[in-house]
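One structure is given here, and the rest of the page talks about it.
Protein chains in written order, with my numbering: chain Z, 2 to 114; chain D, 9 to 122.
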């Protein structure tokens with residue numbers, strides 16, 4: 002079955018850039034997502050990218066996709082303490098009839114002042 | 009406010025109790041989901057309801073029973089649960105098939121089984 006893997010922890014200083022990495026195995030993945038989960042809350046979609054794109058930028062967020070290596074990254078510029086959260090990578094395939102997604106285990110980002 | 013509302017936010021129940029979790033979405037979506045989030049485990053899809061299908065994860069025990077009376081409401085009925093069922097139960101909705109598949113999550117119902 003599909004598998005999505007992420008490193009579990011990342012710690013950065015406020016103002017630095019954060020890069021969270023993700024790898025996936027399903028070559029038919031069509032949409033790749035980044036979700037953010039703050040303590041005590043549900044997941045919130047941050048951004049997504051289609052598999053025919055290499056890069057997507059949205060304000061402080063930059064998503065890079067290397068489809069050949071099945072590698073996805075999320076870069077957060079000028080990281081703030083409010084960015085501290087768990088970040089989930091997820092993928093879904095075009096064949097999926099119900100928008101089901103496979104999630105990674107999540108990367109806990111800690112931003113130190 | 010994500011447009012997906014879950015109640016209750018916190019629930020403590022004994023193993024012999026019967027309770028229900030409720031989810032309501034105000035986004036006009038036509039697919040709804042239950043996910044289970046346990047500590048140190050990946051997010052687990054439990055059930056999917058959409059116009060096209062109902063999908064169940066065969067590994068979900070029968071003590072969890074979903075109900076979807078319409079496209080805006082989803083319930084998870086709980087009975088004779090075990091302590092290992094303690095987790096955060098997340099409801100989500102999406103526009104359904106042949107769309108970009110983004111999920112909109114509620115804030116979750118934190119369940120503790122004593």
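All C-beta atoms in this analysis are idealised placements derived from N, C-alpha and C, irrespective of residue type, glycine included.
query	result
Residue 75 (chain D) beta carbon near the ligand SAH (any heavy atom closer than 7 Å)	By its list of ligands, the structure shown contains no ligand whatsoever, and the ligand SAH lies outside what it can speak to.
Selection from D:25, D:69 and D:11 that minimises the alpha carbon distance to residue 122 (chain D)	D:25
Short-range partners of chain Z found in the region 12-24 of chain D, where Cβ spacing is below 7 Å	none
Close-in-space but distant-in-sequence residues of the same chain around residue 98 (chain Z) (CB under 8 Å, 5 per side omitted)	Note that residue 98 (chain Z) scores a pLDDT of 49, beneath 50, so its modelled location is shaky; the value from the coordinates is reported in the next line. Nothing meets the Cβ criterion.
The region 23-53 of chain D: positions lying closer than 7 Å to chain Z by Cβ	39, 50, 51 and 53
Residue 77 (chain D), enclosing beta strand (DSSP E) - first and last residue	72-78
Member of Z:18, Z:91, Z:87 and Z:6 whose CA lies at the smallest distance from the CA of residue 78 (chain Z)	Z:18
Rounded C-alpha distance that separates residue 82 (chain D) from residue 42 (chain D)	8 Å
Beta-carbon spacing of residue 115 (chain D), residue 33 (chain D) below 8 Å	no
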